[in-house]
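Colleague:
Residue numbers (the numbering used here): 1123 to 1321.
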């Protein structure tokens, strides 16, 4: 996974996969139980402005408990309100992970335009002593275990008939908080990619 100056970080540090997702008031389709011959229908408003943006990091290191970090942002359609995460939000999430993990980080993420902006590149260069960054190939969500986390979150809120955006946000936070205490599930998301970490 790494070469040259990156090898030391990869050997002694955490491999951190980052990804983003979003959820509007319209819930994702999900399976549920119902009487035979009677398909259950969950009626939702599905209208109104607003979106919950999520950024998450699954963190792995041989011999250590897997970790999950995340950030949530609500967008309600107000004037001058940012629709999603900016480069400073990503920088702050990386710094938070580094502080709590207490070691070097090998960050693996996709080619989202916001990931490639000049201020973030400058931040990476200024912190090359503990941070190494790799871009995933284009259109390769199957290689990112954070996608598995989003799948679990969306499955959990699939039948939620939310009255407002705040209810969606609370449901997302509750599921992500629960997953933080389930390292075996976070490990399962890595296994689902077919990738492995060796000590």
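Heads up, the beta-carbon is just placed ideally off N, CA and C, and yes, glycines get one too.
Can you give the beta carbon distance from residue 1207 to residue 1269, rounded, assuming they're within the 8 Å contact cut?
Modeller: One-based indexing of the chain shown puts residue 1207 at position 85. One-based indexing of the chain shown puts residue 1269 at position 147. So it is not a contact: roughly 17 Å between Cβ atoms.
Colleague: What does the Cβ neighbour count give for residue 1231, buried or exposed, with the cut at 16 atoms within 10 Å?
Modeller: Walking along the chain shown from the start, residue 1231 turns up at place 109. So residue 1231 ends up on the buried side.
Colleague: Relative to the C-alpha of residue 1178, which candidate in 1306, 1297, 1204, 1158 has its C-alpha closest?
Modeller: The sequence position of residue 1178 within the chain shown is 56, counting from 1. If we check each option's Cα against that of residue 1178, 1297 comes out closest.
Colleague: Express the C-alpha separation of residue 1315 and residue 1264 in angstroms, rounding to a whole number.
Modeller: Translated into the one-based positions of the chain shown, residue 1264 becomes position 142. Translated into the one-based positions of the chain shown, residue 1315 becomes position 193. If you take the alpha carbons of residue 1264 and residue 1315, they lie about 6 Å apart.
Colleague: Whose CA, out of 1189, 1259, 1136, 1197, lies closest to the CA of residue 1310?
Modeller: Within the chain shown, numbered from 1, the residue matching residue 1310 stands at position 188. Restricting attention to 1189, 1259, 1136, 1197, the CA atom closest to the CA of residue 1310 is found in 1189.
Colleague: Which runs of the beta strand (DSSP E) fall wholly inside the segment 1246-1284 and span at least 3 residues, in chain order?
Modeller: 1253-1257
Colleague: When you compare each of 1137, 1291, 1276 to residue 1183 by their alpha carbons, which one comes out closest?
Modeller: Residue numbering aside, residue 1183 sits at position 61 when the chain shown is read from its first letter. Looking at the Cα atoms, 1137 is the closest of the given residues.
Colleague: From what residue to what residue does the beta strand (DSSP E) around residue 1228 run?
Modeller: As a first step, residue 1228 must be located in the chain shown, where it is residue number 106. That run of the beta strand (DSSP E) goes 1227-1231.
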